[in-house]
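*Asks:* This is the structure, below, for whatever I ask next.
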Amino acid sequence: MDELPVVLGLLDEAAKWLNARKIDQWPSSFTGDATWRIDRIRRYVNEGRTFLAIDRASDESIATFTITELADPEYAHGWPDGPENALYLFRMAVARAAAGNDIGGQIIQWASNEAAQRGKKWLRIDVHRLNPALQSYYEEKGFVKVAEVLAPDPTVIGRIRGSGALMQRPSIY
Numbered sequence: 007m008d009e010l011p012v013v014l015g016l017l018d019e020a021a022k023w024l025n026a027r028k029i030d031q032w033p034s035s036f037t038g039d040a041t042w043r044i045d046r047i048r049r050y051v052n053e054g055r056t057f058l059a060i061d062r063a064s065d066e067s068i069a070t071f072t073i074t075e076l077a078d079p080e081y082a083h084g085w086p087d088g089p090e091n092a093l094y095l096f097r098m099a100v101a102r103a104a105a106g107n108d109i110g111g112q113i114i115q116w117a118s119n120e121a122a123q124r125g126k127k128w129l130r131i132d133v134h135r136l137n138p139a140l141q142s143y144y145e146e147k148g149f150v151k152v153a154e155v156l157a158p159d160p161t162v163i164g165r166i167r168g169s170g171a172l173m174q175r176p177s178i179y
């Protein structure tokens, strides 16, 4: 839990970058988000499911991501062969100073290897439905879109969450 501020700082930087580009994907700030998101992030950090990628040369945290064997409960029903046979990658964010160095690709490969070691067939993500550039990024990394699911946003009555493009790639890639 002592690294939670670092995780939130990386997520806040990514959220600010997205919002500056008019990409409505994440809240404007995770640190200031008093919804289910921050509760889920705290829980994942506390349970040891959230990781930091460290630059060996500078000893700086340059990325964060979460992996779990549990699908997002709002999307679990959308996976073609059920939610059990996968490792799920959530909230991957790379520091802008480290962008362009394929840190995301390295994280994806590490997570794929972790999925294989755990005996899981798939590495899965749910991507923002209205962000084709992000979906293309993951397709370049070997993911295939297998479904699109709509789920309510528990923070705003009547609003639909942006995520829901369900993508997966084999754990052994």
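Under this note's numbering, the first residue of the sequence shown carries the number 7, and numbering increases by one thereafter.
Using N, Cα and C, we set each Cβ at its ideal position, and we do this for glycine too.
Report the residue from P86, D87, G148 and R46 whose alpha carbon sits nearest the alpha carbon of G110.
*Replies:* Mapped onto the sequence shown, residue 110 falls at position 104. Minimum Cα distance to G110 is reached at G148.
*Asks:* Just to confirm, are F36 and F57 a CB contact at a threshold of 7 Å?
*Replies:* Taking the sequence shown and counting its residues from 1, one reaches residue 36 at position 30. Taking the sequence shown and counting its residues from 1, one reaches residue 57 at position 51. No, Cβ-Cβ distance for F36 and F57 is not below 7 Å.
*Asks:* Measuring only the C-alpha atoms, how far is E19 from L156?
*Replies:* Taking the sequence shown and counting its residues from 1, one reaches residue 19 at position 13. Taking the sequence shown and counting its residues from 1, one reaches residue 156 at position 150. Looking at the two C-alpha atoms, the distance is approximately 27 Å.
*Asks:* With a floor of 4 residues, list each alpha helix (DSSP H) that falls wholly inside the segment 46 to 125, ordered by position along the chain.
*Replies:* Runs of the alpha helix (DSSP H) inside the segment 46 to 125: 109 to 123.
*Asks:* Between which two residues does the alpha helix (DSSP H) holding Q141 run?
*Replies:* For the purposes of this step, residue 141 is identified with residue 135 of the sequence shown, where counting begins at 1. Per DSSP, Q141 belongs to the alpha helix (DSSP H) from P138 to E146.
*Asks:* Three or more C-beta pairs closer than 8 Å, one from the segment 111 to 129 and one from the segment 25 to 45: is that the case here?
*Replies:* Not touching, per the Cβ criterion.
*Asks:* Taking C-beta to C-beta, are A117 and L95 nearer than 7 Å?
*Replies:* Looking up residue 117 in the sequence shown gives position 111. Looking up residue 95 in the sequence shown gives position 89. Their beta carbons are under 7 Å apart, which means A117 touches L95 by this criterion.
*Asks:* So, helix, strand or coil for V150, using DSSP?
*Replies:* As a working note, residue 150 is residue 144 in the sequence shown. If DSSP states are grouped into helix, strand and coil, V150 belongs with the strands.
*Asks:* Considering only the alpha carbon of each residue, which of G15, D61 and W85 lies closest to L172?
*Replies:* Walking along the sequence shown from the start, residue 172 turns up at place 166. Residue W85 is the option with its Cα nearest to L172.
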